[in-house]
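Shown next, in structure tokens, is the structure this report addresses.
In mature numbering (1 follows the signal peptide of the UniProt record, and there is no 0), the protein residues as written are -22 to -1, 1 to 403.
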């Protein structure tokens, strides 16, 4: 009787080991060279996985003796049973791009733009960025299927005719030879008191701004010149950029006044060197960074710009005294610093008439550059507060033939014109 029982147990064990080995050969074998993860060579159609046969009802994972290994776990065994991990099913598809929504393939020649900005690395990326802003990122990563790819010479797009019309409008604005001589003047300034608004209010036409705390206006170029002349006569007015700062149409520019400021942020133990520790230095970039990407409208009557501003200022350094044990016996006192900072930011897109000037106010924020004036309070430690001022940005489109715009024009969302390009598709 005992011999029969031992024989049946041994037979069940052999069956279980054979089943596990079959499963391991399907799931755990490393593909050979030239094969994909399913063993298909050269991208051939994937074959369905061969699942192992069902285990006998009497078999149990507790009956398997783990193989010896360094960590005590079974080595070389594949998962068995319902807890085995699954993998995604991969096929070669139907061999053609889906066109359930009428998608079409179009290739746009962007060489008139990329050759004009030959000194820029990957200028085609600027066109791609504008297409994504106009159409939305999700339009290219959801249904219907879309493809957007660019080289230095060609922009390739696979999408619906309606989406192709939007892309064509963006590309036309980049390659338009009439917009080539246009540039945008940037002037960054700050003024201690925001009361300049009281006198300038009749000259300003407000526009909607989404960023909290930010205000925007448009004004005639003559009025902008009068306002700048009036502000420059004030003692609390300061300009932080060159008056001839020009960004060409369709290009991306970064203006930065960032400067590093070092401080002691911690202590690092050095048990093998006296005095047993050393200061850990940190560095913070303090100032303002302005990123500006402008684009003229195809008819040159309007201008679009994506403006990103990041401003950071250290209000003060809070000192903390640290008692450090010394190998000599007595504790040593070391001082570390914890920065107290203020930050402001904006990332928004604006459209305004090309014949007018766009004016943005960041509100009363940290100044883009350190205040070098020495007043009485600055001589008293702990009393003087860091400087604050109303940050202003003037943006003006300049060109040989800038058309005049209506005084009632304002900023708006970019228009969609799918009907104007249906002949191409």
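Yeah, the Cβ is synthetic: ideal placement off N, Cα and C, and Gly gets one too.
Tell whether a beta-carbon distance below 8 Å holds between residue i and residue j.
| i | j | result |
| --- | --- | --- |
| residue 337 | residue 191 | no |
| residue 301 | residue 339 | no |
| residue 287 | residue 319 | no |
| residue 412 | residue 282 | In the structure as shown, the chain begins at -22 and stops at 403. Residue 412 is therefore absent and cannot be evaluated. |
| residue 437 | residue 196 | Because the chain is modelled from -22 through 403, residue 437 falls outside the range shown and cannot be assessed. |
| residue 131 | residue 94 | no |
| residue 205 | residue 178 | yes |
| residue 168 | residue 216 | yes |
| residue 107 | residue 276 | no |
Along the chain, where does the alpha helix (DSSP H) that runs through residue i open and close?
| i | result |
| --- | --- |
| residue 273 | Per DSSP, residue 273 belongs to no alpha helix (DSSP H); it is in the beta strand (DSSP E), 255 to 274. |
| residue 139 | 139 to 153 |
| residue 297 | Counting along the chain, residue 297 falls outside any alpha helix (DSSP H), though it belongs to the beta strand (DSSP E) covering 280 to 302. |
| residue 68 | Per DSSP, residue 68 belongs to no alpha helix (DSSP H) and is neither H nor E. |
| residue 209 | 199 to 210 |
| residue 103 | 102 to 113 |
| residue 174 | 174 to 178 |
| residue 329 | Not the alpha helix (DSSP H): residue 329 falls in the beta strand (DSSP E), residues 310 to 331. |
Thinking just about the alpha-carbon of each residue, which of the options is nearest to the one in residue i?
| i | options | result |
| --- | --- | --- |
| residue 333 | 162, 232, 62 | 162 |
| residue 160 | 279, 70, 205 | 279 |
| residue 129 | 304, 196, 87 | 87 |
| residue 133 | 156, 113, 111, 105 | 105 |
| residue 312 | 370, 366, 243 | 243 |
| residue 228 | 197, 156, 323 | 156 |
| residue 321 | 264, 100, 212 | 264 |
| residue 304 | 185, 250, 215, 266 | 250 |
| residue 266 | 370, 65, 69 | 370 |
| residue 116 | 77, 241, 137, 69 | 137 |
| residue 202 | 214, 189, 182 | 182 |
| residue 341 | 189, 69, 252, 60 | 189 |
| residue 310 | 260, 252, 323 | 252 |
| residue 260 | 69, 241, 99 | 241 |
So residue i is in the beta strand (DSSP E); what residue range does that whole segment cover?
| i | result |
| --- | --- |
| residue 188 | Looking at the DSSP string, residue 188 is not in any beta strand (DSSP E), and its letter there is neither H nor E. |
| residue 342 | 334 to 344 |
| residue 238 | 237 to 247 |
| residue 84 | 82 to 87 |
| residue 162 | 161 to 169 |
| residue 130 | Where residue 130 is concerned, there is no enclosing beta strand (DSSP E), given that its DSSP letter is neither H nor E. |
| residue 368 | 366 to 376 |
| residue 232 | 231 to 234 |
| residue 225 | 224 to 226 |
| residue 216 | 215 to 217 |
Could you round the C-beta distance between residue i and residue j to whole angstroms and report it? I think they count as a contact, below 8 Å.
| i | j | result |
| --- | --- | --- |
| residue 343 | residue 289 | 6 Å |
| residue 166 | residue 219 | 4 Å |
| residue 91 | residue 153 | 5 Å |
| residue 148 | residue 245 | That belief does not hold up - the Cβ atoms of residue 148 and residue 245 are roughly 54 Å apart, past 8 Å. |
| residue 271 | residue 230 | 5 Å |
| residue 262 | residue 328 | With a Cβ gap of about 30 Å, residue 262 and residue 328 do not count as contacting. |
| residue 345 | residue 365 | 5 Å |
| residue 199 | residue 335 | 6 Å |
| residue 145 | residue 187 | In fact, because the Cβ distance is near 28 Å, the residues do not count as touching under 8 Å. |
| residue 103 | residue 164 | Wrong, their Cβ atoms sit about 22 Å apart, outside the cutoff. |
Quick one: does the C-beta of residue i sit closer than 7 Å to a heavy atom of the ligand GTP?
| i | result |
| --- | --- |
| residue 217 | Ligands displayed in this structure: none; no statement on the ligand GTP is therefore possible. |
Could one say the Cβ of residue i lies closer than 8 Å to chain C's Cβ atoms, at least one of them?
| i | result |
| --- | --- |
| residue 270 | Chain labels in this structure do not include chain C; a single protein chain is all it has. |
inquiry  = If contact is defined by three or more beta carbon pairs under 8 Å, each pair taking one atom from either stretch, is the segment 371 to 378 in contact with the segment 232 to 251?
reply    = no
ask   = Between the segment 289 to 297 and the segment 250 to 261, do at least 3 Cβ pairs fall closer than 8 Å?
value = no
key: Meets three-Cβ-pair contact criterion under 8 Å: the segment 171 to 178 and the segment 130 to 142   = Three or more Cβ pairs closer than 8 Å define a contact, and the segment 171 to 178 falls short of that threshold against the segment 130 to 142.
Inter-stretch contact (C-beta, 8 Å, three-pair minimum) for the segment 71 to 89 and the segment 113 to 133 = yes
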